[in-house]
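Here's the structure, in structure tokens; my notes come after.
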Amino acid sequence: MGKIPFFKSKNIAEGTFQIENAFTGGFSTYAYLLEGKDYALLIDTIMGWGDLKAYCATLTDKPVKVVNTHAHWDHIGGNFHFDSCYMPLRDIPYFQTVIGVTKDVIFAQAKMSALDEFKELLVCDDNFADTKPIKVFPLSDGDIFDLGDRKVEVVEVGGHTPGSIVLIDDKTRIAFCGDACNGNTLLEFKTSLPVNVYLLNLRRLAAYSDRFDMMYGGHEVFDKTIIEEGIETAESVVNGTDEKYPAKGIMGYDICYAVAKNADGTNGTDGKRFNMSYDPGRINGTDNTRQIITAEMPVLC
Ligand SMILES: [Fe+2]
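Heads up, the final residue of the sequence shown is numbered 300 in numbering that gives the first Met the number 0, and it's a clean run with no missing numbers.
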């Protein structure tokens, strides 16, 4: 039987790897491994297609700690190969909703996404793991991962999810930003924060931007000037001057994009790289930092 290339990696800076699945086509998510003197920090674990813990051991001999930029399935799937993770406090409820998904289901997803030459070679072995309770340590703004000779700071940039974080690595001047600010920033989910709150959080991120040059995200890589584009675009939504381009969101809801898409689905009708989706009914609102707990179950999707 041939060998499945579950992962591939690129050395993007000293002691810093960008990792993605290598047997799939189309949609891809990046994880990042940052090696320090005392331990290595794995930022996101992508879909859970392949034993990412074993793969990390081929890149570093340091113990590995896992941190998630947010609790979406394509960033936390491989957590279950590990015993614990660090996660933004406000995203922990969403992480818990995936507990109980079996490895067969995750295997079926992988098979569907596999390139043709690998589909028949895939088997549901230890490269797949049931989602199960693991230790989850909450993260808040200002927390620091001290890798011994390298510090990585947590900055909360809620919007895409309530707890989304950006991790600033002073050593490489990289901000690892998950899905917090990119070419297709999605604020269309029921659990996304209102656009005006996201705007405040983006302005706050901009205040840190003298500490980094590049933004390595979960799906895309940009230089930090995309933050200014994001601020301008979010301001246009809050002011009501954006293009309000109607679309169906990935959960099937009617949503808007701030900027009209090109016919091929790419951004660019305004000349910017940044674009964002949003729920037109949730442009202005409150941060909901204080919970109001009623008889209703919280929205967890
Ligand atoms: Fe996401």
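C-beta: ideal position from N, C-alpha, C; glycine also.
Residue pairing from DSSP places serine 83 in a beta bridge opposite Lys134. For isoleucine 3, the three-state secondary structure derived from DSSP is coil. Under the three-state reduction of DSSP output, serine 27 falls in the coil class, being neither helix nor strand.
Of all alpha-carbon atoms in Asp37, Phe16, Phe106, the one lying nearest the alpha-carbon of threonine 57 is that of Phe16. Our two residues, methionine 250 and isoleucine 105, have alpha carbons roughly 19 Å apart in a direct line.
Within the same chain, and ignoring the five residues on either side of serine 27 in sequence, the residues whose Cβ sits closer than 8 Å to its Cβ are Glu19, Asn20, His218.
Contact check for methionine 213 against isoleucine 167 fails: the beta carbons are separated by 8 Å or more. Taking each of Lys223, Thr160, Asp73, Ala257 in turn and checking the Cα distance to proline 92, the smallest one comes out for Thr160. The residues Glu187, Ile254, Ser276, in chain order, have a CB closer than 7 Å to that of glycine 248 in the same chain once the five nearest residues on each side in sequence are set aside. Cβ-Cβ separation between asparagine 283 and valine 237: approximately 7 Å, consistent with a contact (criterion under 8 Å). Residue environment: arginine 289 is assigned as exposed (fewer than 16 neighbouring CB atoms within 10 Å of its CB, all protein chains considered).
The beta carbon of isoleucine 133 lies closer than 8 Å to those of Asn78, Phe79, Phe81, Asp82, Ser83, Cys84 in the same chain, with the five residues before and after it left out. In terms of Cα proximity to serine 191, the closest of Tyr215, Ser163, Cys176, Thr171 is Ser163. Straight-line measurement puts the Cα of alanine 257 at about 30 Å from the Cα of serine 112.
Around arginine 89, the same chain offers Pro161, Gly162 as residues with beta carbons nearer than 6 Å, after the five sequence neighbours per side are excluded. When only Cα atoms are considered, lysine 223 and alanine 294 end up about 43 Å apart. Here the alpha carbons of threonine 23 and alanine 109 stand approximately 8 Å from one another. If you check the C-beta of histidine 80 against ligand 1, you find no heavy atom less than 7 Å away.
Nearest to glutamate 155 by C-alpha distance, out of Gly270, Asp140, Pro4, Leu120, is Asp140.
Under the rule that a run must span 3 or more residues, the beta strand (DSSP E) segments found entirely inside the region 125-181 read 134-138, 143-145, 150-155, 164-168, 173-177. Between the region 34-46 and the region 57-73 there are three or more C-beta pairs closer than 8 Å, enough to call the two in contact.
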